[in-house]
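Colleague:
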Amino acid sequence: MGIILIFVIGAAMLALFNWLMGYGKGYIQIDFEERFFKEKEHIEAIKLELENQGKEVHYQGNGHFKIDDRPYSFIERIVSMGGVPMQRTILKPIKK
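Reminder that position 74 of the sequence shown reads as 79 in the working numbering, one-by-one numbering, no gaps.
(1) For glutamate 56, which three-state DSSP category applies?
(2) Anyone know if the C-beta pair for glutamate 54 and isoleucine 72 falls short of 7 Å?
(3) Out of Glu46, Ile51, Lys52 and Lys97, state which residue places its alpha-carbon closest to the alpha-carbon of proline 76.
(4) How close, in whole Å, do the beta carbons of isoleucine 48 and serine 78 come, if the pair is a contact with beta carbons under 8 Å?
(5) What's the C-alpha gap between phenylalanine 37 and glycine 31?
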């Protein structure tokens with residue numbers, strides 16, 4: 006019984022971590038070398054990075070992008086990697 010409980014808790018923690026980090030089907034994750042404190046600069050960096058990857062990007066305002074004619078919502082996460090805070094950009098697909 007105890008082993009099953011440990012397995013279930015471990016699987017739930019792994020699923021939560023994956024959800025928080027943006028590892029879902031269709032999600033786009035971008036980790037930048039620098040940290041952006043102004044939203045406008047962060048959005049411009051996202052557009053530039055995705056255009057360098059060959060994607061067609063339009064910012065629609067209010068944290069919404071249109072990437073290759075599909076809508077995405079912008080999520081920012083600050084995570085600690087080895088004690089150093091890292092800014093992760095997650096673009097979550099918006100289901101129609």
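The beta-carbon is built from N, C-alpha and C at its ideal position, and this holds for glycine as well. Computed from a predicted structure; not experimentally measured.
Modeller: If we stick to the structure as given:
(1) The DSSP-derived three-state label of glutamate 56 is helix.
(2) Result no, Cβ atoms of glutamate 54 and isoleucine 72 do not sit closer than 7 Å.
(3) Nearest Cα to proline 76 within the set Glu46, Ile51, Lys52 and Lys97: Lys97.
(4) Not a contact, Cβ separation roughly 13 Å.
(5) Per the coordinates, the alpha-carbon of phenylalanine 37 lies some 20 Å from the alpha-carbon of glycine 31.
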